[in-house]
Amino acid sequence: MNISPLQKERLKYNPKLPGMLRNGISEICVKEGEETQSVADQDKIKALFPNTYGKKEITFAKGQNTSPAKKQVVGVILSGGQAPGGHNVVCGLYDALKATDKENVLYGFKGGPSGLLEDDYLIFDDEYIDQFRNTGGFDIIGSGRTKLETEEQFAVAAEVCKKHGITAIVIIGGDDSNTNAGVLAEYFAAHETGVQVIGCPKTIDGDLKNEDIECSFGFDTATKTYSELIGNIERDANSAKKYWHFIKVMGRSASHVALECALETQPNICLVSEEVAAKKMSLSQIADYIADSVEKRAANGMNFGVAIIPEGVVEFVPEFSVLIKEINELLAGSKAEEFNALNTWKEKYEFIEKGLSSESMAVFAILPETIQQQLFLERDPHGNVQVSLIESEKLFSALVKAKLAERSSYKGKFNALHHFFGYEGRCAFPSNFDADYCYSLGYNAFMLIQYGYNGYLSKISNLSKPAEEWVAGGMPITKMMNMERRHGEDKPVIRKALVELDGKPFKYFEAHRAEWAEKTAYTYPGAIQYYGPDEVCNLTTRTLALEKE
Ligand code: FBP
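Per the working numbering, residue 2 is the first one in the sequence shown, and the count goes up by one each step.
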């Protein structure tokens, strides 16, 4: 196989473990902490999870390993969107499993949770796994978005585990996948299958975190990759001085990615969806806010700038959500056929005008025609508008252009360029932080299995400190749960962490953004460094550093 010089070097990198896991398997003991409660709705969650609720938090420490000698056959699944470091979770898991007993076996279920249901797997060996150490991507076994959530699926999973003698399943995923890991753990316990389930916190979106989980893996590398690109664009903007760049960054709903990139690069504008929702901002208000920056900069001869737009922002604009709901209703059932049978956009526009409320029509009318058409073209299998496909970077630049045209005070030039950064970062070579963090999560997941825990999330904390000082342990998944309304039903789920408007990262941004909007205060983070001084190659995110200040 042809591999790049960097990959060749990265294969040799030795990921750092927390100090307490470094002395070898025989010297890892467990310390049990307090019994836990769910973050809310304790009675309901307890009733739904009679076998896995209220368990103790645990930490590992240096000391005599007292885990029972037992052959372990473990299955691992990668679930959802790719995040840098996933391969190292599998490597850490494999290394701990083999260091404990050479006879232990690791199965990898292919293509996400469906691999478990379809019994589609490979068995890892040294030769295979060694090609993936410290590399990005999930191609080691593939990933998928099938949800493991029904009793029927759990029964199939139990059968597959029984067939192979599997003693534990490790699910590497985001909030939904770990919620399902918790439900599966409860099912396995209730049915006395003897199979344990351990989760690992993954997602570049950074929205799987709480007082126990300091960050999900992949966020560090993905945001560093986007920040490098944004910094390069800022420098280009400041060199050519002729374009406004509208840059959409991934993050399905939370704005952690956009905010972290803003803290790293100090752009002129960064929208934060959670603030848009809290202030109930309209599209017009957002456009005015950006146009103010364009105008002030133009008055100082700066007809250029950079604006970061979080992927999910339009869903947080209250009037836009109403518009989407009305469009979904307008095209429900046979009405979609009626609409599609119309030949021209003019006829379709009249149909829309008749069907929408006057408030929603007013919002629809100000959208650029390409976005209007997108709202009617891109439908998901249930016939709903796919909001994530809306090109919000183009939407906002068009709205800003229209605002500027209305302003007699504005005398500048406004030429916009558009970018979307998402896939560029999801499979990057993991930063040293993610390589170390992920390897530790996997290694630690095996220790949880070995000590018999079920329904736990692998937890590594104290992450803003050097790896030597990281703390390894586990927390019951039920501790992170509350009840939420999903598809018309109350369901136990892990609470998604949105950007907190009173949190330190947002407060820092808020205190500086007026200056950044007017001046050129760009910072250029450059590429991720894998080798070199600690100050550049072992950096955590600004978000984590500010949260732990
Ligand atoms: P996860 O929540 O599964 O980690 O995925 C995150 C994400 O990268 C989002 O930022 C993005 O909106 C989404 O996945 C895109 O997923 P897909 O490529 O499957 O459409």
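All C-beta atoms in this analysis are idealised placements derived from N, C-alpha and C, irrespective of residue type, glycine included.
These numbers come from a predicted model, not from an experiment.
- The C-beta of Val-537 has fewer than 16 other C-beta atoms within 10 Å across all chains shown, which makes the residue exposed.
- Bridge pairing for Ser-459: Gly-475 [DSSP].
- Fewer than three beta-carbon pairs drawn from the stretch 506-519 and the stretch 179-199 are found closer than 8 Å, and the two stretches are therefore not classed as touching.
- The continuous beta strand (DSSP E) containing Glu-33 extends over residues 29-36.
- Nearest C-alpha to Arg-23 among Pro-506, Pro-477 and Trp-471: Trp-471.
- At least one heavy atom of the ligand FBP is found less than 7 Å from the C-beta of Thr-204.
- Thr-180 carries a helical assignment under DSSP once its states are collapsed to helix, strand and coil.
- Closest by C-alpha distance to Met-484, out of Ser-115, Lys-466, Lys-47 and Gly-116, is Lys-47.
- Leaving aside the five residues that flank Ser-322 on each side, the residues in its chain whose CB is nearer than 7 Å to its CB run, in chain order, Glu-316.
- Counting only residues of its own chain and dropping the five nearest sequence neighbours on each side, Met-448 has a CB closer than 7 Å to the CB of Ile-29, Phe-61 and Ala-97.
- Between the alpha carbons of Cys-92 and Gly-200 lies a gap of roughly 15 Å.
- In the DSSP annotation of this structure, the continuous segment of the beta strand (DSSP E) that includes His-419 starts and ends at 417-422.
- A residue is called buried when at least 16 other Cβ atoms come within 10 angstroms of its Cβ; Thr-544 meets this threshold and is buried.
- Judged by pairs of C-beta atoms under 8 Å, the stretch 492-506 does not touch the stretch 461-476, as fewer than three such pairs exist.
- Judged by their CB atoms, His-165 and Tyr-108 are nearer to each other than the 8 Å cut-off.
- Counting along the chain, the unbroken beta strand (DSSP E) around Leu-107 starts and ends at 106-110.
- Assignment of beta-bridge partners to Gly-174 by DSSP yields Pro-202.
- Going by beta carbons, Gly-55 and Phe-139 fall outside the 8 Å limit.
- Met-251 has its CB nearer than 7 Å to a heavy atom of the ligand FBP.
- Under the three-state reduction of DSSP, Met-484 is assigned to strand.
- With a minimum length of 4 residues, the unbroken runs of alpha helix (DSSP H) contained wholly in the stretch 88-174 fall at 114-118, 127-131 and 152-165.
- Contact check for Gly-81 and Ser-144: beta-carbon distance about 6 Å, within the 8 Å limit, so the pair qualifies.
- The beta carbon of Lys-210 sits closer than 8 Å to the beta carbons of Pro-202, Cys-216, Ser-217 and Ala-498 from its chain, once the five residues preceding and following it are set aside; these are given in chain order.
- Between Gly-116 and Ile-78, the beta carbon gap of about 7 Å places them in contact (Cβ cut-off 8 Å).
- Bridge partners of Trp-346 according to DSSP: none are assigned.
- In this chain, Gly-443 is not harboured by any beta strand (DSSP E); it is covered by the alpha helix (DSSP H) spanning 433-451.
- Per the C-alpha coordinates, the member of Thr-101, Asp-176, Asn-463 and Glu-119 positioned closest to Ala-156 is Glu-119.
- When the beta-carbon positions are compared, Glu-320 and Ser-359 stay at least 8 Å from each other.
- Inter-residue distance for Gln-374 and Glu-425 is about 27 Å (C-alpha atoms, whole angstroms).
- Here Glu-490 carries a strand assignment [DSSP, helix/strand/coil].
- DSSP places Ser-5 outside both helix and strand once states are collapsed to three, so it counts as coil.
- Nearest C-alpha to Val-307 among Lys-103, Gly-252, Ile-270 and Pro-477: Ile-270.
- Boundaries of the alpha helix (DSSP H) around Leu-230: 220-241.
- Ranked by how close their Cα comes to the Cα of Arg-236, the residues Ala-528, Tyr-523 and Asp-535 have Tyr-523 in first place.
- Shown here, Leu-79 sits in a strand according to DSSP, grouped into three states.
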